[in-house]
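In what follows, a single structure is set out as C-alpha coordinates and then discussed.
Residue numbers (this note's numbering): 5 to 375.
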(Lines of atoms letter the chains of each structure in order from A and count residues from 1; the text may use other names and numbers.)
(Lines give C-alpha, C1' and ligand atoms only; values in the text may rest on other atoms or scores of the structure.)
Protein backbone atom coordinates (compact mmCIF):
# COMPACT_ATOMS: atom_id res chain seq x y z
CA UNK A 1 0.00 0.00 0.00
CA UNK A 2 2.70 2.48 1.13
CA UNK A 3 0.05 5.01 2.15
CA UNK A 4 0.52 6.68 5.51
CA UNK A 5 -2.52 6.89 7.80
CA UNK A 6 -2.81 9.10 10.87
CA UNK A 7 -5.19 7.80 13.55
CA UNK A 8 -6.25 10.25 16.25
CA UNK A 9 -7.08 8.45 19.48
CA UNK A 10 -4.80 5.69 18.25
CA UNK A 11 -4.08 4.27 21.71
CA UNK A 12 -7.77 3.93 22.58
CA UNK A 13 -10.16 1.01 22.32
CA UNK A 14 -11.00 1.27 18.63
CA UNK A 15 -7.81 3.11 17.71
CA UNK A 16 -5.45 0.41 18.97
CA UNK A 17 -7.33 -2.24 16.98
CA UNK A 18 -7.36 -0.01 13.89
CA UNK A 19 -3.59 0.48 14.13
CA UNK A 20 -3.12 -3.29 13.95
CA UNK A 21 -5.71 -3.74 11.19
CA UNK A 22 -3.92 -1.23 8.97
CA UNK A 23 -0.46 -2.57 9.78
CA UNK A 24 -1.68 -6.04 8.80
CA UNK A 25 -2.67 -4.59 5.41
CA UNK A 26 0.67 -2.90 4.74
CA UNK A 27 -0.19 0.68 5.64
CA UNK A 28 2.27 2.93 7.39
CA UNK A 29 0.56 3.98 10.61
CA UNK A 30 0.95 7.06 12.74
CA UNK A 31 -1.11 7.69 15.85
CA UNK A 32 -1.86 10.77 17.91
CA UNK A 33 -3.10 10.28 21.48
CA UNK A 34 -2.89 12.15 24.79
CA UNK A 35 -3.16 8.97 26.92
CA UNK A 36 -5.94 10.54 29.00
CA UNK A 37 -5.74 9.00 32.51
CA UNK A 38 -9.53 8.56 32.69
CA UNK A 39 -9.23 6.22 29.70
CA UNK A 40 -5.80 4.65 30.04
CA UNK A 41 -5.09 4.83 33.76
CA UNK A 42 -2.07 6.57 35.23
CA UNK A 43 0.46 3.81 34.49
CA UNK A 44 0.18 3.72 30.68
CA UNK A 45 3.28 5.02 28.89
CA UNK A 46 4.77 5.03 25.40
CA UNK A 47 6.66 1.83 26.22
CA UNK A 48 3.34 -0.05 26.38
CA UNK A 49 2.20 1.12 22.93
CA UNK A 50 2.46 -0.74 19.62
CA UNK A 51 6.13 -0.35 18.56
CA UNK A 52 5.26 -0.65 14.85
CA UNK A 53 3.30 2.62 15.05
CA UNK A 54 4.89 6.07 14.87
CA UNK A 55 3.52 7.81 17.97
CA UNK A 56 2.77 11.49 18.60
CA UNK A 57 1.78 11.92 22.23
CA UNK A 58 -0.26 15.00 23.02
CA UNK A 59 -3.49 16.86 22.43
CA UNK A 60 -5.34 17.27 19.12
CA UNK A 61 -5.52 20.98 19.99
CA UNK A 62 -1.70 21.31 19.98
CA UNK A 63 -1.05 23.00 16.62
CA UNK A 64 2.68 22.23 16.42
CA UNK A 65 2.18 18.57 17.30
CA UNK A 66 -0.72 18.13 14.86
CA UNK A 67 1.31 19.77 12.07
CA UNK A 68 4.14 17.31 12.69
CA UNK A 69 1.79 14.34 12.81
CA UNK A 70 0.07 15.31 9.54
CA UNK A 71 3.23 15.89 7.49
CA UNK A 72 3.43 13.27 4.74
CA UNK A 73 0.06 11.72 5.62
CA UNK A 74 -2.44 10.74 2.91
CA UNK A 75 -5.32 9.39 5.03
CA UNK A 76 -6.71 10.56 8.38
CA UNK A 77 -8.97 8.51 10.66
CA UNK A 78 -10.29 10.85 13.34
CA UNK A 79 -11.35 8.74 16.34
CA UNK A 80 -10.25 10.94 19.25
CA UNK A 81 -13.17 11.53 21.65
CA UNK A 82 -14.27 11.22 25.21
CA UNK A 83 -17.23 8.84 25.40
CA UNK A 84 -20.18 7.98 27.60
CA UNK A 85 -23.85 8.98 27.66
CA UNK A 86 -24.21 9.30 31.43
CA UNK A 87 -20.76 10.82 31.89
CA UNK A 88 -21.50 13.49 29.29
CA UNK A 89 -24.53 14.73 31.22
CA UNK A 90 -22.27 15.35 34.23
CA UNK A 91 -19.10 16.60 32.47
CA UNK A 92 -20.63 18.75 29.74
CA UNK A 93 -17.73 21.18 29.41
CA UNK A 94 -15.12 18.40 29.10
CA UNK A 95 -17.09 16.66 26.35
CA UNK A 96 -17.62 19.92 24.47
CA UNK A 97 -13.99 21.03 24.79
CA UNK A 98 -12.47 17.75 23.61
CA UNK A 99 -15.03 16.43 21.13
CA UNK A 100 -16.36 19.63 19.57
CA UNK A 101 -13.70 22.31 20.09
CA UNK A 102 -10.88 19.79 19.86
CA UNK A 103 -12.12 18.49 16.51
CA UNK A 104 -12.51 22.05 15.21
CA UNK A 105 -8.91 22.87 16.20
CA UNK A 106 -7.67 19.67 14.57
CA UNK A 107 -9.63 20.30 11.36
CA UNK A 108 -8.32 23.88 11.08
CA UNK A 109 -4.88 22.39 10.57
CA UNK A 110 -5.98 19.36 8.57
CA UNK A 111 -7.63 21.39 5.78
CA UNK A 112 -4.27 23.03 5.00
CA UNK A 113 -2.71 19.64 4.24
CA UNK A 114 -2.97 17.58 1.01
CA UNK A 115 -5.13 14.86 2.58
CA UNK A 116 -6.62 12.31 0.17
CA UNK A 117 -9.40 11.05 2.48
CA UNK A 118 -10.83 11.71 5.93
CA UNK A 119 -12.69 9.02 7.88
CA UNK A 120 -14.57 10.33 10.91
CA UNK A 121 -15.91 8.18 13.75
CA UNK A 122 -19.50 9.20 14.39
CA UNK A 123 -22.10 7.47 16.57
CA UNK A 124 -25.57 5.96 16.42
CA UNK A 125 -26.43 8.13 19.44
CA UNK A 126 -26.96 11.10 17.11
CA UNK A 127 -30.26 9.56 15.95
CA UNK A 128 -31.97 9.70 19.32
CA UNK A 129 -34.72 7.12 19.00
CA UNK A 130 -34.42 4.61 16.20
CA UNK A 131 -37.06 4.07 13.51
CA UNK A 132 -40.44 2.42 14.08
CA UNK A 133 -43.11 0.75 11.99
CA UNK A 134 -46.72 1.90 12.33
CA UNK A 135 -48.66 -1.40 12.45
CA UNK A 136 -51.88 -0.02 10.98
CA UNK A 137 -50.57 2.36 8.34
CA UNK A 138 -47.64 0.06 7.39
CA UNK A 139 -45.37 3.10 7.29
CA UNK A 140 -42.08 4.05 8.93
CA UNK A 141 -42.25 6.71 11.62
CA UNK A 142 -39.71 8.67 13.67
CA UNK A 143 -41.02 9.50 17.13
CA UNK A 144 -39.66 10.47 20.55
CA UNK A 145 -40.84 9.85 24.11
CA UNK A 146 -41.96 12.73 26.33
CA UNK A 147 -41.18 13.33 29.99
CA UNK A 148 -44.77 12.77 31.16
CA UNK A 149 -44.79 9.33 29.56
CA UNK A 150 -41.47 8.46 31.18
CA UNK A 151 -42.57 9.69 34.60
CA UNK A 152 -45.54 7.32 34.28
CA UNK A 153 -43.10 4.49 33.40
CA UNK A 154 -44.70 3.96 29.99
CA UNK A 155 -41.48 2.91 28.34
CA UNK A 156 -42.58 1.82 24.86
CA UNK A 157 -43.53 4.10 22.00
CA UNK A 158 -47.14 4.00 20.84
CA UNK A 159 -49.46 5.69 18.36
CA UNK A 160 -51.85 8.41 19.53
CA UNK A 161 -54.48 5.67 19.66
CA UNK A 162 -52.30 3.59 21.99
CA UNK A 163 -51.15 0.95 19.48
CA UNK A 164 -47.61 -0.31 20.09
CA UNK A 165 -45.04 0.79 17.50
CA UNK A 166 -42.60 -1.87 16.31
CA UNK A 167 -38.88 -0.93 16.34
CA UNK A 168 -37.18 -1.52 12.99
CA UNK A 169 -33.65 -1.06 11.66
CA UNK A 170 -32.65 2.61 11.52
CA UNK A 171 -31.34 3.90 8.15
CA UNK A 172 -28.93 6.78 7.62
CA UNK A 173 -31.80 8.93 6.32
CA UNK A 174 -33.40 9.09 9.78
CA UNK A 175 -33.20 12.72 10.91
CA UNK A 176 -30.73 13.13 13.80
CA UNK A 177 -32.10 14.15 17.20
CA UNK A 178 -29.29 13.94 19.79
CA UNK A 179 -30.68 13.31 23.30
CA UNK A 180 -27.53 13.74 25.38
CA UNK A 181 -24.36 15.82 25.37
CA UNK A 182 -22.17 13.01 24.03
CA UNK A 183 -24.53 12.51 21.08
CA UNK A 184 -24.56 16.24 20.39
CA UNK A 185 -20.77 16.42 20.32
CA UNK A 186 -20.54 13.42 17.97
CA UNK A 187 -23.04 15.07 15.64
CA UNK A 188 -20.94 18.24 15.75
CA UNK A 189 -17.82 16.24 14.85
CA UNK A 190 -19.54 14.47 11.97
CA UNK A 191 -21.12 17.55 10.44
CA UNK A 192 -17.97 19.64 10.82
CA UNK A 193 -15.93 16.99 9.00
CA UNK A 194 -18.48 16.58 6.20
CA UNK A 195 -18.87 20.34 5.76
CA UNK A 196 -15.13 21.00 5.61
CA UNK A 197 -14.62 17.99 3.37
CA UNK A 198 -17.10 19.47 0.88
CA UNK A 199 -15.55 22.96 1.04
CA UNK A 200 -11.93 21.84 0.72
CA UNK A 201 -12.65 18.90 -1.61
CA UNK A 202 -11.39 16.26 0.81
CA UNK A 203 -13.40 13.04 0.31
CA UNK A 204 -14.92 12.44 3.74
CA UNK A 205 -16.66 9.36 5.11
CA UNK A 206 -18.55 9.40 8.42
CA UNK A 207 -19.07 6.02 10.07
CA UNK A 208 -21.87 5.91 12.62
CA UNK A 209 -20.72 3.21 15.03
CA UNK A 210 -23.34 1.40 17.09
CA UNK A 211 -22.50 -0.26 20.46
CA UNK A 212 -18.91 -1.42 20.04
CA UNK A 213 -17.52 -4.21 22.22
CA UNK A 214 -14.41 -6.38 22.33
CA UNK A 215 -11.01 -6.52 24.05
CA UNK A 216 -9.90 -2.98 24.92
CA UNK A 217 -6.48 -1.44 25.25
CA UNK A 218 -7.26 -1.07 28.97
CA UNK A 219 -10.12 -2.18 31.23
CA UNK A 220 -10.52 1.44 32.37
CA UNK A 221 -11.51 2.61 28.89
CA UNK A 222 -15.13 3.83 29.07
CA UNK A 223 -15.53 2.88 25.40
CA UNK A 224 -16.34 -0.61 26.72
CA UNK A 225 -19.79 0.78 27.44
CA UNK A 226 -22.69 -1.14 28.88
CA UNK A 227 -21.08 -4.59 28.53
CA UNK A 228 -18.07 -3.51 30.55
CA UNK A 229 -20.35 -2.00 33.19
CA UNK A 230 -22.45 -5.17 33.44
CA UNK A 231 -19.42 -7.48 33.61
CA UNK A 232 -17.66 -5.33 36.22
CA UNK A 233 -20.74 -5.40 38.42
CA UNK A 234 -21.18 -9.16 38.06
CA UNK A 235 -17.50 -9.89 38.82
CA UNK A 236 -17.73 -7.76 41.98
CA UNK A 237 -20.91 -9.66 42.99
CA UNK A 238 -23.23 -6.75 42.29
CA UNK A 239 -26.40 -6.96 40.24
CA UNK A 240 -25.95 -5.12 36.94
CA UNK A 241 -28.01 -1.93 36.93
CA UNK A 242 -30.50 -1.61 34.07
CA UNK A 243 -32.69 1.44 33.60
CA UNK A 244 -36.38 1.28 32.64
CA UNK A 245 -37.62 -2.33 32.35
CA UNK A 246 -34.61 -3.91 30.63
CA UNK A 247 -36.36 -4.63 27.34
CA UNK A 248 -34.77 -1.72 25.47
CA UNK A 249 -32.74 -2.94 22.49
CA UNK A 250 -29.24 -2.07 21.37
CA UNK A 251 -27.05 -3.14 18.44
CA UNK A 252 -23.73 -4.68 19.55
CA UNK A 253 -20.91 -4.87 17.01
CA UNK A 254 -17.46 -6.34 17.57
CA UNK A 255 -14.47 -4.01 17.40
CA UNK A 256 -12.83 -6.18 14.71
CA UNK A 257 -15.82 -5.54 12.45
CA UNK A 258 -15.61 -1.84 13.29
CA UNK A 259 -11.94 -1.48 12.30
CA UNK A 260 -12.51 -3.49 9.14
CA UNK A 261 -15.23 -0.99 8.20
CA UNK A 262 -12.69 1.82 8.70
CA UNK A 263 -10.25 0.12 6.35
CA UNK A 264 -13.01 -0.46 3.79
CA UNK A 265 -13.92 3.24 4.01
CA UNK A 266 -10.28 4.09 3.26
CA UNK A 267 -10.09 1.74 0.28
CA UNK A 268 -13.53 2.13 -1.37
CA UNK A 269 -13.44 4.06 -4.64
CA UNK A 270 -15.72 6.86 -5.86
CA UNK A 271 -17.50 7.25 -2.54
CA UNK A 272 -17.72 11.02 -2.42
CA UNK A 273 -18.92 12.33 0.93
CA UNK A 274 -21.06 9.69 2.59
CA UNK A 275 -22.42 8.53 5.93
CA UNK A 276 -22.72 4.84 6.88
CA UNK A 277 -24.20 2.90 9.77
CA UNK A 278 -21.76 0.33 11.15
CA UNK A 279 -23.43 -2.25 13.37
CA UNK A 280 -24.61 -5.84 13.39
CA UNK A 281 -28.10 -5.02 12.14
CA UNK A 282 -29.67 -6.83 15.11
CA UNK A 283 -31.26 -5.43 18.26
CA UNK A 284 -30.74 -7.20 21.61
CA UNK A 285 -32.47 -6.45 24.89
CA UNK A 286 -30.21 -5.31 27.72
CA UNK A 287 -31.91 -7.73 30.11
CA UNK A 288 -31.08 -10.66 27.82
CA UNK A 289 -27.48 -9.47 27.42
CA UNK A 290 -26.94 -9.04 31.18
CA UNK A 291 -28.14 -12.60 31.80
CA UNK A 292 -25.89 -13.92 29.02
CA UNK A 293 -22.92 -12.23 30.65
CA UNK A 294 -23.76 -13.67 34.08
CA UNK A 295 -23.86 -17.18 32.58
CA UNK A 296 -20.56 -16.72 30.73
CA UNK A 297 -18.96 -15.37 33.91
CA UNK A 298 -20.24 -18.48 35.74
CA UNK A 299 -22.41 -16.40 38.06
CA UNK A 300 -25.90 -17.21 36.76
CA UNK A 301 -27.40 -16.55 40.20
CA UNK A 302 -26.71 -12.80 39.83
CA UNK A 303 -29.86 -11.28 38.35
CA UNK A 304 -29.95 -7.74 36.96
CA UNK A 305 -31.38 -4.95 39.10
CA UNK A 306 -34.08 -3.44 36.90
CA UNK A 307 -34.48 0.07 38.30
CA UNK A 308 -37.75 1.08 36.59
CA UNK A 309 -36.22 4.55 36.28
CA UNK A 310 -35.41 6.66 33.24
CA UNK A 311 -31.94 8.14 32.77
CA UNK A 312 -32.06 11.48 30.96
CA UNK A 313 -30.33 11.11 27.60
CA UNK A 314 -31.35 7.48 27.04
CA UNK A 315 -33.45 6.19 24.16
CA UNK A 316 -35.65 3.11 23.94
CA UNK A 317 -34.58 1.17 20.84
CA UNK A 318 -32.01 1.67 18.10
CA UNK A 319 -30.35 -0.85 15.81
CA UNK A 320 -28.67 -0.40 12.46
CA UNK A 321 -29.84 -0.70 8.90
CA UNK A 322 -26.50 -1.65 7.30
CA UNK A 323 -27.61 -2.04 3.68
CA UNK A 324 -25.71 1.04 2.48
CA UNK A 325 -22.47 -0.09 4.11
CA UNK A 326 -22.89 -3.50 2.51
CA UNK A 327 -23.50 -1.97 -0.92
CA UNK A 328 -20.89 0.81 -1.01
CA UNK A 329 -18.17 -0.54 1.30
CA UNK A 330 -18.60 -4.29 0.99
CA UNK A 331 -19.08 -4.33 4.77
CA UNK A 332 -20.50 -7.47 6.34
CA UNK A 333 -20.39 -8.15 10.10
CA UNK A 334 -18.37 -11.33 10.52
CA UNK A 335 -18.44 -12.04 14.27
CA UNK A 336 -21.56 -13.55 15.82
CA UNK A 337 -22.51 -11.95 19.12
CA UNK A 338 -22.20 -15.13 21.19
CA UNK A 339 -18.72 -15.84 19.80
CA UNK A 340 -17.60 -12.24 20.23
CA UNK A 341 -18.94 -12.14 23.76
CA UNK A 342 -16.96 -15.25 24.74
CA UNK A 343 -13.82 -13.75 23.20
CA UNK A 344 -14.34 -10.52 25.12
CA UNK A 345 -15.12 -12.31 28.42
CA UNK A 346 -11.87 -14.32 28.15
CA UNK A 347 -9.98 -11.03 27.96
CA UNK A 348 -12.05 -9.22 30.58
CA UNK A 349 -11.60 -11.91 33.23
CA UNK A 350 -7.86 -11.20 33.16
CA UNK A 351 -8.45 -7.53 34.04
CA UNK A 352 -9.21 -5.79 37.33
CA UNK A 353 -12.95 -5.05 37.28
CA UNK A 354 -13.73 -1.41 37.99
CA UNK A 355 -17.39 -0.79 38.85
CA UNK A 356 -17.82 2.88 37.94
CA UNK A 357 -21.52 2.49 37.11
CA UNK A 358 -22.57 2.31 40.77
CA UNK A 359 -20.96 5.69 41.51
CA UNK A 360 -22.17 7.19 38.23
CA UNK A 361 -25.72 6.10 39.12
CA UNK A 362 -25.44 7.89 42.48
CA UNK A 363 -24.15 11.08 40.86
CA UNK A 364 -26.89 11.06 38.22
CA UNK A 365 -29.49 10.65 40.96
CA UNK A 366 -28.04 13.51 43.00
CA UNK A 367 -28.15 15.80 39.95
CA UNK A 368 -31.76 15.02 39.12
CA UNK A 369 -30.92 13.09 35.95
CA UNK A 370 -32.92 10.00 36.91
CA UNK A 371 -36.73 9.96 36.76
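Note that the Cβ used here is the ideal one computed from N, Cα and C, for glycine as well.
Report task. Could you spell out where the beta strand (DSSP E) holding residue 232 opens and where it closes? Result -> One-based indexing of the chain shown puts residue 232 at position 228. Here residue 232 belongs to no beta strand (DSSP E); instead the alpha helix (DSSP H) covers 229–239.
Query raised in the report: Since residue 373 is in the alpha helix (DSSP H), which residue starts that stretch and which ends it?
Result: Position 369 of the chain shown holds residue 373. Element bounds for residue 373: n/a, residue is neither H nor E.
Query raised in the report: Between the C-alpha atoms of residue 135 and residue 144, what's the straight-line distance to the nearest angstrom?
Result: Here the question's residue 135 lines up with position 131 in the chain shown. Here the question's residue 144 lines up with position 140 in the chain shown. Straight-line Cα distance between these residues: approximately 7 Å.
Query raised in the report: Between the stretch 163–172 and the stretch 102–118, do three or more beta carbon pairs fall short of 8 Å?
Result: no
Report task. Would you grab the beta carbon distance between residue 231 and residue 237 for me? Rounded to a whole angstrom, and I think it's under 8 Å. Result -> If you number the chain shown from 1, residue 231 lands on position 227. If you number the chain shown from 1, residue 237 lands on position 233. That pair is no contact at about 11 Å.
Query raised in the report: Between the C-alpha atoms of residue 30 and residue 81, what's the straight-line distance to the nearest angstrom?
Result: Position 26 of the chain shown, counting from 1, holds the residue named residue 30. Position 77 of the chain shown, counting from 1, holds the residue named residue 81. Going by the C-alpha atoms only, they are around 16 Å apart.
Query raised in the report: Count the other CB atoms within 10 Å of the CB of residue 178; is the residue buried (16 or more) or exposed (fewer)?
Result: Here residue 178 refers to the residue found at position 174 when the chain shown is read from its first residue. With 16 or more Cβ atoms within 10 Å of its Cβ, residue 178 is classed as buried.
Requested in this report: For residue 194, count neighbouring Cβ atoms within 10 angstroms of its own Cβ and tell me buried if that reaches 16, exposed if not.
Outcome: Along the chain shown, read from residue 1 onward, the residue named residue 194 stands at position 190. Residue 194 comes out buried.
Query raised in the report: From 301, 312, 196, 339, pick the residue whose C-alpha is nearest to that of residue 354; which is it?
Result: As a working mapping, residue 354 is identified with position 350 in the chain shown. Residue 354 has its Cα closest to that of 301, out of 301, 312, 196, 339.
**Report entry** Per DSSP, the bridge partner or partners of residue 162
**Finding:** Taking the chain shown and counting its residues from 1, the one referred to as residue 162 is at position 158. In the DSSP output, where bridge partners are listed per residue, residue 162 has 168.
Report task. Report the three-state DSSP secondary structure of residue 280 (helix, strand or coil). Result -> As a working mapping, residue 280 is identified with position 276 in the chain shown. Residue state, collapsed to three classes: strand.
Requested in this report: Report the three-state DSSP secondary structure of residue 324 (helix, strand or coil).
Outcome: Counting from 1 along the chain shown, the entry for residue 324 is found at position 320. Reduced to three states, the DSSP call for residue 324 is strand.
Query raised in the report: Where are the alpha helix (DSSP H) runs, 4 residues long or more, that stay fully inside the stretch 81–118, in chain order?
Result: 89–94, 96–99, 106–114
Query raised in the report: Thinking C-alpha only, which one of 35, 284, 257, 9 is nearest residue 77?
Result: Locating residue 77 in the chain shown gives position 73, counting from the first residue. When each option's Cα is compared against that of residue 77, the closest is 9.
Requested in this report: Measure the beta-carbon distance from residue 289 to residue 252 and round it to whole angstroms, keeping in mind my assumption that it falls under 8 Å.
Outcome: Position 285 of the chain shown holds residue 289. Position 248 of the chain shown holds residue 252. Sure, about 7 Å apart at Cβ, within 8 Å.
Report task. Rank 88, 351, 75 by C-alpha distance to the C-alpha of residue 220 and give the top, closest one. Result -> One-based indexing of the chain shown puts residue 220 at position 216. Considering only alpha carbons, the answer is 351.
Query raised in the report: residue 3 and residue 173: beta carbons closer than 8 Å?
Result: A question about residue 3 goes unanswered here, because the residues of the chain that appear run from 5 up to 375.
Report task. For residue 203, name the three-state secondary structure that DSSP assigns. Result -> Residue numbering aside, residue 203 sits at position 199 when the chain shown is read from its first letter. Correct three-state label for residue 203: helix.
Query raised in the report: residue 321: buried (16+ other C-beta within 10 angstroms of its C-beta) or exposed?
Result: Start at 1 with the first residue of the chain shown, and residue 321 comes out as number 317. Counting Cβ neighbours within 10 Å, residue 321 comes out buried, since at least 16 surround it.
Query - Between the CA atoms of residue 247 and residue 206 - distance to the nearest angstrom - result: In the chain shown, counting from the first residue as 1, residue 206 sits at position 202. In the chain shown, counting from the first residue as 1, residue 247 sits at position 243. Those two C-alpha atoms are separated by around 42 Å.
Query raised in the report: Can you give the Cα-Cα distance for residue 281 and residue 201, rounded to whole angstroms?
Result: Along the chain shown, one-based indexing puts residue 281 at 277. Along the chain shown, one-based indexing puts residue 201 at 197. Answer to the nearest angstrom: the Cα atoms are 19 Å apart.
Report task. Out of 138, 182, 171, 186, state which residue places its alpha-carbon closest to the alpha-carbon of residue 163. Result -> Locating residue 163 in the chain shown gives position 159, counting from the first residue. Per the Cα distances, 138.
Report task. Kindly identify the DSSP beta-bridge partner or partners of residue 174. Result -> Along the chain shown, read from residue 1 onward, the residue named residue 174 stands at position 170. Answer by DSSP bridge pairing, in chain order: 324.
Query raised in the report: Are residue 16 and residue 23 closer than 8 Å when you measure CB to CB?
Result: Here residue 16 is taken as the residue at index 12 of the chain shown, counted from 1. Here residue 23 is taken as the residue at index 19 of the chain shown, counted from 1. Taking 8 Å as the Cβ cut-off, residue 16 and residue 23 do not qualify as a contacting pair.
Report task. Would you tell me roughly how many angstroms separate the C-alpha atoms of residue 40 and residue 85, rounded to the nearest one? Result -> Along the chain shown, read from residue 1 onward, the residue named residue 40 stands at position 36. Along the chain shown, read from residue 1 onward, the residue named residue 85 stands at position 81. Residue 40 and residue 85: Cα-Cα distance of roughly 10 Å.
Query raised in the report: Taking the continuous alpha helix (DSSP H) assigned at residue 293, which residues delimit it?
Result: Walking along the chain shown from the start, residue 293 turns up at place 289. From DSSP, the alpha helix (DSSP H) with residue 293 extends over 290–300.
Query - residue 91 burial status per 10 Å Cβ neighbour count (16 or more: buried) - result: Position 87 of the chain shown, counted from the start, is the residue given in the question as residue 91. Its Cβ being crowded by 16 or more others within 10 Å, residue 91 is buried.
Requested in this report: Run the CB neighbour count on residue 131, radius 10 Å, all protein chains shown included, and call it buried at 16 or more, exposed below.
Outcome: Taking the first residue of the chain shown as 1, we reach residue 131 at position 127. Residue 131 should be labelled buried.
Query raised in the report: Do you know how far the Cα of residue 83 is from the Cα of residue 61?
Result: Along the chain shown, read from residue 1 onward, the residue named residue 61 stands at position 57. Along the chain shown, read from residue 1 onward, the residue named residue 83 stands at position 79. If you take the alpha carbons of residue 61 and residue 83, they lie about 15 Å apart.
**Report entry** Residues sharing a beta bridge with residue 253, DSSP
**Finding:** Walking along the chain shown from the start, residue 253 turns up at place 249. Answer is 289, 321.
Query raised in the report: Pick from 26, 64, 37: whose alpha carbon is nearest that of residue 56?
Result: As a position in the chain shown, residue 56 is number 52, starting the count at 1. Nearest C-alpha to residue 56: 26.
**Report entry** Straight-line Cα distance separating residue 331 from residue 294
**Finding:** Within the chain shown, numbered from 1, the residue matching residue 294 stands at position 290. Within the chain shown, numbered from 1, the residue matching residue 331 stands at position 327. Taking the straight line joining both Cα atoms gives about 33 Å.
Query - Buried versus exposed, by CB contacts within 10 Å (16 or more), residue 157 - result: Here the question's residue 157 lines up with position 153 in the chain shown. Exposed is the call here.
Query - Delimiting residues of the beta strand (DSSP E) encompassing residue 138 - result: Here the question's residue 138 lines up with position 134 in the chain shown. Per DSSP, residue 138 belongs to the beta strand (DSSP E) from 135–138.
Requested in this report: To the nearest angstrom, report how far apart residue 307 and residue 234 are at their CA atoms.
Outcome: Reading the chain shown from its first residue, position 303 is the one you call residue 307. Reading the chain shown from its first residue, position 230 is the one you call residue 234. Roughly 11 Å separates the two Cα atoms.
**Report entry** Neighbourhood of residue 339 by C-beta, 7 Å cutoff - its chain only, sequence neighbours within 5 removed
**Finding:** Residue numbering aside, residue 339 sits at position 335 when the chain shown is read from its first letter. Once the five neighbours on either side are set aside, the close Cβ partners of residue 339 are 258, 260, 261.
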